[in-house]
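Heads up, the thing below is written out as structure tokens.
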Amino acid sequence: TDSQFLLGTHIDITIVSSDPKTPEKIAILFDYFRGFEAEFSRFLPDSSLSQLNQKKTLQVSSRFIDLVQLSLWYHKSTDGFFNPLVQVAHLWYSHSFESGIFTEKNTPINTDMSQIQVVGNTVSIGRDQELDFGGIGKWYAVDTAGEILRLFGYEDFFINAGGDIVAHGNNASGTPWVIGIENPFTGAIDSSFSLLNQAVATSGRYKRNWKIDGKNHHHI
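Residues 35 to 254 (this note's numbering) are what the sequence shown spells out, left to right.
See below:
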């Protein structure tokens with residue numbers, strides 16, 4: 035088991051294995067998350083996402099294309115409720131939570147998904163648009179990390195990235211992994227369930243929140 039702070043949250047990786055090289059494999063997985071953050075963070079000016087938002091047209095990686103195509107699919111399948119062009123930066127969330135800097139933007143937001151164009155490995159967006167993979171990126175990263183561990187030959191593992199969880203095989207006791215659901219008001223574990231070769235995501239406003247001018251804000 036190891037834990038690191040990446041993608042703006044604590045990522046916990048647990049593998050049940052007698053392989054002495056398992057710590058090295060966990061380190062490789064954290065390198066993967068670190069590279070993912072370097073490519074898709076909107077808080078890093080040199081990330082591919084930031085560069086696309088600035089230049090409006092950019093040659094990108096295959097996984098960047100994959101995320102764009104997934105975003106287009108989810109936008110269509112949810113009748114527009116999922117939209118990666120809705121910029122949370124306009125809702126006080128212009129910097130990372132760790133910075134303690136929150137600034138509201140008042141510029142108009144263009145959320146027309148039809149303006150996103152993908153040609154080969156080049157992505158283009160509208161001149162008044164910005165992409166934000168915050169609603170899909172962490173899930174994609176955790177899901178891919180699970181696939182990497184399976185390629186390494188591991189069958190029993192647990193990855194938790196701030197509530198985005200994938201659980202495969204069994205825990206050290208030889209039983210399926212158990213997920214506890216925390217009461218957002220009391221902090222007590224109110225219920226639990228087993229997870230076997232599946233994923234689950236949870237989110238709540240009681241973890242990431244702040245107060246500005248007497249008003250409560252949160253990351254959701």
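Glycine is no exception: its CB is placed at the ideal position from the N, C-alpha and C atoms.
Computed from a prediction, not measured in an experiment: that's the story for all the values here.
Using CA atoms only, rank isn't needed, just tell me which of the options is closest to residue i.
i: Asp146; options: Ile170, Val152, Val120 and Gly171; result: Val120
i: Ser148; options: Trp107, Pro218 and Glu58; result: Trp107
i: Gly197; options: Gly221, Thr91, Val157 and Thr43; result: Thr43
i: Phe167; options: Leu40, Leu104 and Ile62; result: Leu104
i: Gly69; options: Pro142, Thr137, Tyr188 and Phe98; result: Phe98
i: Thr156; options: Asn117, Thr91, Val234 and Asp113; result: Thr91
i: Ser226; options: Ala233, Ile213 and Val234; result: Ile213
i: Phe74; options: Val152, Gln163 and Gly169; result: Gly169
i: Leu185; options: Lys59, Gln38 and Asp224; result: Lys59
Where residue i and residue j are concerned, what is the direct C-alpha to C-alpha distance, given to the nearest angstrom?
i: Ile47; j: Leu183; result: 10 Å
i: Thr236; j: Asp65; result: 24 Å
i: Lys89; j: Asn217; result: 44 Å
i: Gly248; j: Gly238; result: 20 Å
i: Lys241; j: Gly180; result: 25 Å
i: Ser95; j: Val102; result: 11 Å
i: Ser84; j: Gln93; result: 13 Å
i: Leu40; j: His109; result: 27 Å
i: Phe115; j: Thr56; result: 40 Å
Quick one: residues in its chain with C-beta nearer than 6 Å to the C-beta of residue i, no 5 flanking neighbours on either side, listed in chain order?
i: Trp211; result: Phe192, Ala201, Asn205 and Leu229
Which first and last residues belong to the alpha helix (DSSP H) in which residue i is found?
i: Thr156; result: From DSSP, Thr156 is part of no alpha helix (DSSP H) but of the beta strand (DSSP E) over Thr156 to Ser158.
i: Val176; result: Gly171 to Leu185
i: Val200; result: Per DSSP, Val200 belongs to no alpha helix (DSSP H); it is in the beta strand (DSSP E), Asp198 to His202.
Less than 7 Å between C-beta atoms, sequence neighbours within five positions excluded: which residues of the same chain meet that for residue i?
i: Asn268; result: Residue numbering for the chain in the displayed model covers 35 to 254; residue 268 lies beyond these limits and cannot be assessed.
In the DSSP assignment, find the beta strand (DSSP E) that holds residue i and state where it starts and stops.
i: Thr43; result: Thr43 to Ile49
Give every residue of the same chain whose Cβ lies closer than 8 Å to the Cβ of residue i, excluding the five residues on either side of it in the sequence, and list them in chain order.
i: Asn144; result: Leu119, Gly160, Asp162 and Gln163
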